[in-house]
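2 protein chains.
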Amino acid sequence: MERVAVIGSSMTQFGQRDEWVLELLSEAGLACLDDAGVGAADVDHLYVSNMASGEFEGQTGIMNALAQDIDATPAYTQRVDQTSSSGGAGIYAAWQSVASGASEMTLLVGGEKMTHRTTGEATDVIASLTHPVEYKHGVTLPSFAGLTARHYLDRFDAPRESLGKVAVKNHKNGVDNPHAQFRKEVDLETVLESPIVADPLRLYDFCPITDGSAALLLCPESVAQEYTDEYAVITGIDGATDTHVVHEREDPTVMGGVVESGEGAYEMSGREPDDIDVAELHDMFTILEFLQMEGLGFAEQGEAWELVEEGETERDGELPINTSGGLKSKGHPLGASGVAQGVEIYEQLVGEAGARQVEADVGLCCNVGGFGNCVITTIMEAAQ
Amino acid sequence: MERVAVIGSSMTQFGQRDEWVLELLSEAGLACLDDAGVGAADVDHLYVSNMASGEFEGQTGIMNALAQDIDATPAYTQRVDQTSSSGGAGIYAAWQSVASGASEMTLLVGGEKMTHRTTGEATDVIASLTHPVEYKHGVTLPSFAGLTARHYLDRFDAPRESLGKVAVKNHKNGVDNPHAQFRKEVDLETVLESPIVADPLRLYDFCPITDGSAALLLCPESVAQEYTDEYAVITGIDGATDTHVVHEREDPTVMGGVVESGEGAYEMSGREPDDIDVAELHDMFTILEFLQMEGLGFAEQGEAWELVEEGETERDGELPINTSGGLKSKGHPLGASGVAQGVEIYEQLVGEAGARQVEADVGLCCNVGGFGNCVITTIMEAAQ
């Protein structure tokens with residue numbers, strides 16, 4: 001089977017935007033086509049990763065609206081929802097559309113418009129993705145994060161500061177991302193003294209609520225070569241669920257979906273953790289960066305915090321993680337986030353990451369839905 | 001590339017149900033696995049076709065909940081939304097998952113729970129799938145249907161009765177479908193004297209609001225043969241959009257998405273309209289059955305009504321259409337409908353259609369999103 005290539009990328013400014021989701025999707029979609037030099041008329045399939053435009057805006061059918069808005073009609077459209085991992089699921093859907101032969105040119109656009117709603121309203125929508133026995137009793141995603149962080153720190157004798165250093169690192173990276181919501185460094189003291197949200201986690205351990213959109217363009221490798229020599233190839237991709245009821249998991253520090261999807265992506269690509277040069281992990285909460293580092297084999301269980309303490313995940317470290325600034329500083333417009341992870345890895349691989357550029361031939365991104373309820377891991381490589 | 005087979009099917013009772021959507025999805029999903037003799041642990045990918053569980057129930061993430069509920073964890077999950085054609089889009093997604101090699105066993109479950117909301121509330125959610133310039137000015141899907149029906153009858157000199165006969169036929173077929181919402185015949189007089197909804201269309205020209213779920217199980221043909229000799233193969237499938245703003249279309253009697261997706265499915269399968277032995281069309285409104293018959297090449301433009309008048313689309317006619325009872329009598333739980341179309345065609349091809357059984361080796365289903373905003377056409381054949 002022919003390999004699936006990525007030949008274009010884009011993301012809008014993330015943050016508080018005045019535009020509605022359709023305008024954000026159009027902005028990213030058109031910029032992505034422009035980046036690749038591909039016309040909208042050449043798009044066969046158009047996937048929109050979006051969790052909740054109906055709940056947030058009272059507007060559905062946005063994938064069909066987008067097709068007309070960017071002049072891609074009669075392209076086939078579909079909305080991909082996998083809650084907070086809708087973007088990663090979009091990469092998987094787009095990959096399948098090309099790998100199956102159904103499409104020779106697939107545009108994936110992820111986006112969400114959230115900041116016009118109050119934090120309470122947004123939290124209500126997000127909480128509805130978890131099991132009713134949990135959220136109706138007040139156990140939301142942040143509270144899971146707090147419980148898990150406390151357990152992790154106690155069990156593995158990890159210092160509270162190590163979690164704070166994830167936030168410090170990702171904010172530092174975000175300064176060099178022109179599209180990030182927060183382009184400002186924060187020091188460890190600021191993180192550790194910010195207001196408590198879910199003990200022991202504080203405000204700076206959490207990603208913000210964000211508007212934004214991101215896009216990727218996928219096609220068979222032979223088609224990619226008609227447009228460019230500078231492209232990337234998706235060599236491994238897989239997704240997996242864990243229990244939907246979080247408290248039924250055997251070990252709260254192991255996200256089964258991370259482990260399973262990672263193993264699938266490694267096997268498919270023939271790669272192993274040591275081969276990964278750069279990674280984007282789903283740092284919705286700082287503790288999640290530890291759990292993914294361990295679940296993906298970058299560190300032994302209970303030891304991810306040591307790598308962070310040693311600076312190995314910094315931009316100049318052994319394995320740079322979240323060079324984009326991560327969800328922490330870049331922002332987390334639900335449906336866009338997984339696509340934006342792919343955008344960062346793609347841009348690192350083709351040398352378009354600007355001030356954030358690291359040396360990388362093989363990259364990985366891991367997009368987490370809910371509290372690991374479903375996870376998608378993608379391995380991308382620079383074309384040889 | 002290996003062909004993609006369908007080896008199991010199920011649908012719940014359609015109608016007014018007391019269960020929530022997750023319970024309906026579980027009922028259909030488990031029955032489908034049981035029908036095929038496949039264990040939940042063997043499911044690699046699980047797709048849920050659903051338009052609006054968030055809007056209707058305040059519950060999202062239902063694909064992850066379903067994975068746990070039917071014991072399919074760690075299967076990969078994704079929710080497929082293509083508005084009222086979410087079911088057809090689910091068939092396409094499931095087909096792609098198998099054809100791409102990503103999955104060796106894909107369970108597709110479509111479902112919607114709607115009847116707990118008032119007709120006004122349900123209509124508001126459905127209207128949000130159309131372009132805001134339309135629905136915010138009161139041009140909803142039923143009003144498009146009325147306008148189109150009036151135009152069609154005038155332009156092609158078709159009798160009003162011919163539309164009524166679509167309703168009569170589909171109700172007659174529905175009597176033999178144990179899962180249909182309305183198992184009762186209606187006579188032409190009843191249809192023609194029912195209350196006006198969108199002139200010239202009356203109550204009996206419209207499908208009802210419905211709760212229900214339907215499921216299909218897909219796998220590579222070589223895997224199918226490990227389980228059964230009685231299976232079907234998807235030989236053609238394609239989807240396409242038309243303008244999202246309906247009034248921008250050149251000819252209101254031509255749904256571009258029907259034509260484009262039909263051509264794609266015919267080309268892929270090597271079939272032509274004459275080869276089709278049985279078809280399920282999206283009769284959300286009676287006029288749509290005419291438009292699809294013409295768009296798919298079963299009749300010349302403006303002549304579909306003649307075939308209906310001549311009885312050629314009856315169960316004992318040349319091309320039986322909507323042997324299931326169609327959306328008209330079976331009901332239209334948005335995300336389930338396209339899957340249920342596939343269920344009927346599959347059951348006709350493998351000889352499991354009971355009292356509705358016709359002779360068929362090749363079947364087609366056409367699932368229409370919005371007012372033709374996106375359409376998916378699938379051609380299925382009995383395994384040779």
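Chains as they are written, first to last, in the UniProt record's numbering: chain A, 1 to 384; chain B, 1 to 384.
Even glycine gets a Cβ: it sits at the ideal position worked out from N, Cα and C.
The model shown is predicted, which means the values in this text are computed figures rather than measured ones.
Proximity test, Cβ basis, 7 Å: residue i and chain A
i	result
residue 247/B	no
residue 129/B	yes
residue 76/B	yes
residue 219/B	no
residue 102/B	yes
residue 97/B	yes
residue 335/B	no
residue 89/B	yes
Member of the options whose CA lies at the smallest distance from the CA of residue i
i	options	result
residue 43/A	174/A, 55/A, 102/A	102/A
residue 389/A	326/A, 94/A, 268/A, 365/A	In this structure chain A extends from 1 to 384, so residue 389/A is not present and cannot be described.
residue 370/A	167/A, 290/A, 14/A, 144/A	144/A
residue 175/A	186/A, 165/A, 49/A	186/A
residue 125/A	21/A, 51/A, 156/A	51/A
residue 105/A	141/A, 37/A, 163/A, 172/A	37/A
residue 122/B	83/B, 110/B, 90/B	83/B
residue 247/A	341/A, 340/A, 256/A	256/A
residue 5/A	225/A, 18/A, 305/A, 131/A	225/A
residue 134/A	87/B, 65/B, 167/B	65/B
residue 284/A	266/A, 367/A, 181/A	367/A
residue 60/A	119/B, 128/B, 319/B, 173/B	128/B
residue 30/B	242/B, 216/B, 120/B	216/B
residue 163/B	318/B, 202/B, 280/B	202/B
residue 365/B	306/B, 298/B, 311/B	298/B
residue 119/B	210/B, 150/B, 110/B	210/B
residue 324/A	13/A, 1/A, 89/A	13/A
residue 184/A	194/A, 191/A, 196/A, 171/A	171/A
residue 273/B	236/B, 253/B, 287/B	236/B
Opposing strand residues paired with residue i [DSSP bridges]
i	result
residue 367/A	376/A
residue 41/A	BP columns for residue 41/A are empty, so no partner.
residue 4/A	220/A, 234/A
residue 294/B	The partner list for residue 294/B (beta bridge, DSSP) is empty, contrary to what the question assumes.
residue 214/A	11/A, 110/A
residue 46/B	77/B, 107/B
residue 381/B	233/B, 362/B
residue 209/B	According to DSSP, which records beta bridges pairwise, residue 209/B is partnered with nothing at all.
residue 202/B	196/B
residue 345/B	In the DSSP output, where bridge partners are listed per residue, residue 345/B has none listed.
residue 321/B	279/B
Any chain B beta carbon closer than 7 Å to residue i
i	result
residue 367/A	no
residue 151/A	no
residue 179/A	no
residue 83/A	yes
residue 271/A	no
residue 185/A	no
residue 244/A	yes
residue 373/A	yes
residue 5/A	no
residue 52/A	yes
Min CB distance residue i to chain D below 7 Å
i	result
residue 327/B	The question asks about chain D, but that chain is absent: this structure's protein chains are A and B.
Would you mind listing the beta strand (DSSP E) stretches within the segment 232-289 of chain B that are 3+ residues and don't spill past its ends, in chain order?
232-241, 278-280
I'd like the ranges of any beta strand (DSSP E) spanning at least 3 consecutive residues and lying wholly in the segment 52-105 of chain A.
76-81
With 7 Å as the limit, tell me which residues of the segment 135-147 of chain B have their beta carbon closer than that to any beta carbon of chain A; keep them in chain order.
none
Can you list, in chain order, the residues of the segment 54-80 of chain B whose Cβ is nearer than 7 Å to any Cβ on chain A?
54, 55, 58, 59, 60, 61, 64, 65, 67, 68, 73, 74, 75, 76, 77, 78, 79, 80
Contacting positions in the segment 152-174 of chain B - beta carbon closer than 8 Å to chain A:
none
Output, in sequence order along the chain, the residues in the segment 99-124 of chain B whose CB is closer than 7 Å to any CB in chain A.
99, 100, 101, 102
For the segment 248-262 of chain B, enumerate the residues whose C-beta is nearer than 7 Å to any C-beta of chain A, in chain order.
256, 257, 260
Got a sec: which bits of the segment 228-240 of chain A sit with their beta carbon under 9 Å from any beta carbon on chain B, in order along the chain?
237, 238, 239, 240
At which residue ranges does the segment 145-189 of chain B contain complete alpha helix (DSSP H) runs of 4 or more residues, listed in the order of the chain?
160-174
So if I threshold CB-CB distances at 8 Å, which residues from the segment 185-209 of chain B count as touching chain A?
none
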